[in-house]
Amino acid sequence: MTERPPVTAARGRPVAGFRPGSRSGCILIILHQESSSSGRVGHLLSLMGYAADIRRPVLGDPLPTTLDAHAGVVVFGGPMSANDADEGIHRETRFMDIVLKSGKPYLGICLGAQILVNHLGGRVAGREDGAVEIGWYGLEATPAGREMMDWPSMVYQFHREGFDLPRGAELLATADVYPNQAFRYGANAWAIQFHAELTLAMMHRWAVRGAHRFVLPGAQQGREHLAGRLVHDAALLEWLKQFLDRIFPAVPNQP
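Throughout the sequence shown, residue numbering follows my numbering, covering 14 to 268 in sequence.
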């Protein structure tokens, strides 16, 4: 099957305090709904100098057979489960083998993290008591995480399932309800359970379209999502800038 050419990410207004880098290449962006967006992650990667190849395997888009044409991969979240009997999810899970063997940087966010965990033989499941994390919740870096960088104390969550730490992975951040919040596998694979990518418009959409989940145990109401953003989002955005800068390093200047 002929692969689609990369789609260049749209330009946006500069993010305050963020200096565009000298990166080059194309990042494979995997989304899970027609209306999904790469949000601030996509915008920051564009400012860093990367183009974006956006694909939605659950809607039938093909995945590349190699990553020779890509500088890295980001897999975002979605309303489905990594355990679903969906061919698109199965293809993404098998695709993790290509990603890991390539040595290219990988970032899995929420569902993207859980897909990586499934590939590595870990367990993805909800809590027996049905508790969820939907809203703003505390985060604590592990010693390994603190050694790497400063982490936000509060993060935005929207999930009903968590994951066990895969064998060989290094835990970077933890929390009370779902203890495994961020990990690193090998040199270049990273996974986070929480969402730093949401723009304000995205959070409004999630709070409206996901309102039926606010009755779940532990979920916060929509007004708490938006009120928490005013207090906690600046620190979360600053962390995201530093985190992406670490995962997708600058390309050295060529002579």
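Heads up, the beta-carbon is just placed ideally off N, CA and C, and yes, glycines get one too.
Only a predicted model underlies this, so the values are computations on that prediction, with no experimental measurement involved.
- Under the three-state reduction of DSSP, alanine 247 is assigned to helix.
- The three-state reading of DSSP puts glycine 148 in strand, counting E and B together.
- For phenylalanine 261 and tyrosine 119, the gap between their C-alpha atoms comes out near 9 Å.
- With a minimum length of 4 residues, the unbroken runs of alpha helix (DSSP H) contained wholly in the stretch 49-136 fall at 52-60, 100-115 and 124-132.
- A distance of 8 Å or more separates the beta carbons of isoleucine 43 and proline 77.
- A Cβ-Cβ separation of about 6 Å places methionine 216 in contact with histidine 238 under the 8 Å criterion.
- In the three-state DSSP reduction, phenylalanine 256 falls in the helix class (H, G or I).
- Between tyrosine 169 and leucine 211, the C-beta gap is smaller than 8 Å, which places the two residues in contact.
- Take the alpha-carbon of alanine 84 and the one of arginine 197: they are about 18 Å apart.
- In the three-state scheme derived from DSSP, where H, G and I count as helix and E and B as strand, leucine 41 is classed as strand.
- In this structure, valine 88 sits away from isoleucine 111, with a CB-CB distance that is not shorter than 8 Å.
- Cβ neighbours of valine 145 within its own chain (closer than 6 Å, five residues either side excluded): Arg173, Leu229, Gly231 and Ala232.
- Counting C-beta pairs closer than 8 Å gives three or more between the stretch 125-144 and the stretch 97-106, which meets the contact rule.
- In this structure, the straight-line span from the alpha carbon of alanine 186 to that of threonine 155 is close to 5 Å.
- Cβ neighbours of glycine 241 within its own chain (closer than 6 Å, five residues either side excluded): Trp149.
- Rounded to the nearest whole angstrom, the C-alpha separation of leucine 58 and leucine 124 is 20 Å.
- Leaving aside the five residues that flank glycine 181 on each side, the residues in its chain whose CB is nearer than 7 Å to its CB run, in chain order, Tyr198.
- If you draw a straight line from the Cα of alanine 200 to the Cα of lysine 114, it comes to about 11 Å.
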